[in-house]
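Residue numbers (our numbering), protein chains in the order written: chain Z, 46 to 400; chain P, 179 to 358.
Shown next, in structure tokens, is the structure this report addresses.
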Amino acid sequence: MRQATCSQCGLTTTVRSFYSMNGKTYCEPCVWKAAREAKDAGLPPEYVALQDNSICGRCGAYSGDTADHPIVGKLPLCANCAPQVSNWPYPNWLKASLAVLFLLLMVALVHGRKYFHAGRTMYVGEGLVEEQHYEQALPYLQETLKIAPESDKAVLLTAKAALAIGDIETANKAIQGHSGGHFEHADNQDFQEVKQTFDRASRAFVQADEAAKLEQQDGHAAEAARMMHAAASMYPEARALTIAAETSDEGVAFEAKDYDKFLAIAEKQWQQYPSAGMAAAVASALACKYAATGDFKYRQQAEEMIETSRQKVENDPEGQKAFQEYVDRIRYRLESRQIITKTQYDRRFRSGQAN
Amino acid sequence: MFFIPGPLIALVTFPGVILHEAAHLFFCKLFKLQVYDVCFLRFGNPAGYVIHEKTDNFTALFFVSMGPFVGNTLLCVVFCMAAFLPVWELKVSDPLAYFFYWLGLSIGMHAFPSTADLSNLWEMAPGKAKQGSILAIVSLPLVAVLYVLNFARVIWADLGYGIAVGVLGPIALFRALARV
Chain Z
46 MRQATCSQCG LTTTVRSFYS MNGKTYCEPC VWKAAREAKD AGLPPEYVAL QDNSICGRCG
106 AYSGDTADHP IVGKLPLCAN CAPQVSNWPY PNWLKASLAV LFLLLMVALV HGRKYFHAGR
166 TMYVGEGLVE EQHYEQALPY LQETLKIAPE SDKAVLLTAK AALAIGDIET ANKAIQGHSG
226 GHFEHADNQD FQEVKQTFDR ASRAFVQADE AAKLEQQDGH AAEAARMMHA AASMYPEARA
286 LTIAAETSDE GVAFEAKDYD KFLAIAEKQW QQYPSAGMAA AVASALACKY AATGDFKYRQ
346 QAEEMIETSR QKVENDPEGQ KAFQEYVDRI RYRLESRQII TKTQYDRRFR SGQAN
Chain P
179 MFFIPGPLIA LVTFPGVILH EAAHLFFCKL FKLQVYDVCF LRFGNPAGYV IHEKTDNFTA
239 LFFVSMGPFV GNTLLCVVFC MAAFLPVWEL KVSDPLAYFF YWLGLSIGMH AFPSTADLSN
299 LWEMAPGKAK QGSILAIVSL PLVAVLYVLN FARVIWADLG YGIAVGVLGP IALFRALARV
């Protein structure tokens with residue numbers, strides 16, 4: 046290692062222990078003093094550490110007494126260090142790790158695709174629920190549930206949307222799909238809101254079931270209608286209950302032999318909900334009118350409505366079954382001009398077995 | 179607040195440390211700065227470092243100092259995106275998703291530039307800003323905020339940042355995408 050001597054105190058030691066200021070060499074204590082004096086005298090007080098160019102600035106390798114290491118940038122560097130410092134290589138393990146990371150990134154994106162889809166449909170559904178477009182929201186939320194049946198948020202949104210349009214079956218399916226209906230955060234406001242609506246809907250449907258059973262018994266149409274209307278009022282979101290309540294009024298009119306009213310209600314319902322059942326109900330009311338008046342136009346109209354109803358159940362096996370049950374009774378009414386109840390018809394022609 | 183030794187945290191979240199240093203090295207090489215020593219991971223403080231030559235080029239200094247911040251943040255968002263939905267929103271038991279969440283958060287919590295990086299920028303930025311450097315003007319508030327957050331590492335600000343980026347980033351992104 047090269048030696049130097051302090052111009053002030055005469056200390057001689059390795060070059061790297063010295064400083065240079067205004068062209069002179071100082072040891073550390075002397076350079077502090079000299080800097081203060083230079084400052085007082087109005088001279089530049091800056092000093093820099095002396096660099097021993099025979100020692101590599103990175104690894105400390107000594108080049109010998111006569112040869113210096115070349116200066117690369119600002120440091121003397123030996124032949125081994127110079128190329129590395131100028132172009133530090135990426136280690137192979139780092140390159141391999143970055144390749145693995147890139148691969149993981151691809152895996153994350155590919156693996157996450159189904160979640161991105163489920164997440165997107167959930168957020169779209171959530172937006173539609175916020176805008177109270179429940180019917181539109183439901184398909185999106187059901188799509189989310191295919192991937193995430195345990196998601197509190199998706200389940201509660203689905204149940205909320207379904208209950209808001211009276212679809213208690215879909216709401217129940219979503220809730221039961223979530224740990225059999227168990228929610229950890231039962232105090233959650235969304236959960237409470239859904240629970241209250243669900244309980245109200247359940248009570249309404251239980252009452253509607255009772256009303257429907259009562260409706261099957263002769264002479265109870267008025268009571269059944271009252272119960273059905275109460276159920277529909279309890280859960281007005283369910284269009285099915287509203288329809289059932291109106292239908293029960295048909296039963297009341299039928300029992301009271303007020304066939305004009307029966308026909309008026311049936312026609313009104315047919316206008317509102319043009320389904321096979323409603324068409325058959327109109328046919329039934331027209332058949333009553335024919336039986337009561339003998340006016341052939343009612344019979345003709347009843348036949349037309351039977352045909353309309355038949356066409357609507359062409360591709361619906363369940364509907365065909367219900368249609369056949371109803372149409373047999375209507376045709377009997379048209380053929381015999383006798384108005385009998387379903388119970389009476391079953392007793393006479395179906396060995397007392399109601400279908 | 180509980181204390182966990184920094185080196186232990188660095189070991190558990192080692193991908194973030196390595197990526198941080200790799201980004202430093204990348205930008206040093208990009209701006210042709212001499213690199214005197216590199217340590218990608220060690221059991222100590224700091225957990226990794228890149229020693230490079232001093233430069234008067236503010237752009238180079240900015241990218242060398244802030245490169246890891248941007249790079250780690252972006253990777254954190256991407257990895258957490260793949261994990262955020264199944265873990266937080268969809269409640270799907272998917273081990274791979276948890277792995278990606280660990281990876282994303284590990285990367286995110288080592289996004290912060292070190293105090294030394296920020297000090298260098300902080301020293302040079304005012305002068306360069308006076309000369310009209312847009313980058314210097316923009317970097318001043320950013321560096322100031324990061325400086326404060328860097329000190330808040332003792333109260334887990336780095337982990338907080340990782341979680342914020344890994345959770346809020348995907349939420350914002352997915353909500354925006356859902357509206358498209």
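Heads up, the beta-carbon is just placed ideally off N, CA and C, and yes, glycines get one too.
Query                                                                                                                                                              : Result
Can a CB atom of chain P be found closer than 8 angstroms to the CB of Y168 (chain Z)?                                                                             : yes
Which bits of chain P does S247 (chain Z) rub up against, with CB to CB less than 9 angstroms?                                                                     : Neighbours of S247 (chain Z) on chain P: none; closest Cβ ~25 angstroms, over 9 angstroms.
For W138 (chain Z), count the other beta carbons within 10 Å of its own beta carbon; 16 or more makes it buried, fewer makes it exposed. Which is it?              : exposed
Since V117 (chain Z) meets chain P, which of its residues come closer than 9 angstroms, beta carbon to beta carbon?                                                : Q212
What does H156 (chain Z) touch in chain P if you count any residue whose Cβ is under 7 angstroms from its own?                                                     : A260, L274
Can you pull the DSSP bridge partners for K69 (chain Z)?                                                                                                           : Z:M66
If M259 (chain P) sits next to T191 (chain P), beta carbons under 8 angstroms apart, how far is it from one beta carbon to the other, in whole angstroms?          : Not really, about 19 angstroms apart at Cβ, beyond 8 angstroms.
Give the straight-line distance between the Cα atoms of I385 (chain Z) and R378 (chain Z), rounded to the nearest whole angstrom.                                  : 8 angstroms
By the criterion of Cβ-Cβ separation under 8 angstroms, what are the contact partners of D97 (chain Z) in chain P?                                                 : The contacting residues do not exist; D97 (chain Z) stays about 16 angstroms from chain P at best.
Taking A246 (chain Z) as the reference, which of Z:L208, Z:G226, Z:G157 has the closest Cα?                                                                        : Z:L208
Would you list, in sequence order, the uninterrupted alpha helix (DSSP H) runs of no fewer than 4 residues that lie entirely inside the region 162–240 of chain Z? : 179–192, 197–209, 213–221
Note the first and the last residue of the continuous alpha helix (DSSP H) segment covering Y339 (chain P).                                                        : 335–341
What residues of chain P sit near F161 (chain Z), judged by a beta carbon separation below 9 angstroms?                                                            : M259, A260, L263, F352, L355
Could you please tell me which residues of the region 195–206 of chain P, in chain order, have their CB closer than 8 angstroms to any CB of chain Z?              : I196, L197, A200, L203, C206
Quick check: the region 277–286 of chain P against the region 219–238 of chain P, are there 3 or more CB pairs under 8 angstroms?                                  : no
To the nearest angstrom, how far is it from the Cα of M66 (chain Z) to the Cα of Q212 (chain P)?                                                                   : 27 angstroms
Starting from V255 (chain P) and walking both ways along the beta strand (DSSP E), at which residues does that stretch end?                                        : Here V255 (chain P) belongs to no beta strand (DSSP E); instead the alpha helix (DSSP H) covers 236–262.
Would the beta-carbon of Y339 (chain P) fall within 8 angstroms of that of F290 (chain P)?                                                                         : yes
Taking contact to mean at least 3 C-beta pairs separated by less than 8 angstroms, is the region 55–62 of chain Z in contact with the region 76–84 of chain Z?     : no
Inspect the CB distances between the region 236–250 of chain Z and the region 196–205 of chain Z and report whether three or more fall short of 8 angstroms.       : yes
Measuring CA to CA, which of Z:W315, Z:A301, Z:P194, Z:A257 is closest to S271 (chain P)?                                                                          : Z:P194
Regarding V145 (chain Z) and the ligand MN, is the C-beta to nearest heavy atom distance less than 7 angstroms?                                                    : For the ligand MN, the structure offers nothing, since it holds no ligand at all.
Consult DSSP for Y338 (chain Z) and reduce its assignment to one of helix, strand or coil.                                                                         : According to the sequence shown, residue 338 (chain Z) is Thr rather than Tyr. In this structure, T338 (chain Z) counts as helix in the three-state DSSP scheme.
Would you mind sorting I310 (chain Z) into buried or exposed? The rule is 16 or more other CB atoms within 10 Å of its CB.                                         : buried
With respect to the alpha helix (DSSP H) encompassing V316 (chain P), which residues constitute its N-terminal and C-terminal limits?                              : 312–329
Of all Cβ atoms in chain P, is any one closer than 8 angstroms to the Cβ of A199 (chain Z)?                                                                        : yes
On the DSSP letters alone, give me the boundaries of the beta strand (DSSP E) that V216 (chain P) sits inside.                                                     : 213–217
Helix, strand or coil: which one does DSSP assign to A228 (chain P)?                                                                                               : In the sequence as presented, Ala is not what sits at residue 228 (chain P); that position holds Val. Here V228 (chain P) sits in strand by DSSP.
Identify the contact partners of K269 (chain P) in chain Z, using a Cβ-Cβ distance below 7 angstroms as the criterion.                                             : A193, E195, S196, D197
Going by the beta-carbon positions, is the gap between L150 (chain Z) and V256 (chain P) smaller than 8 angstroms?                                                 : yes
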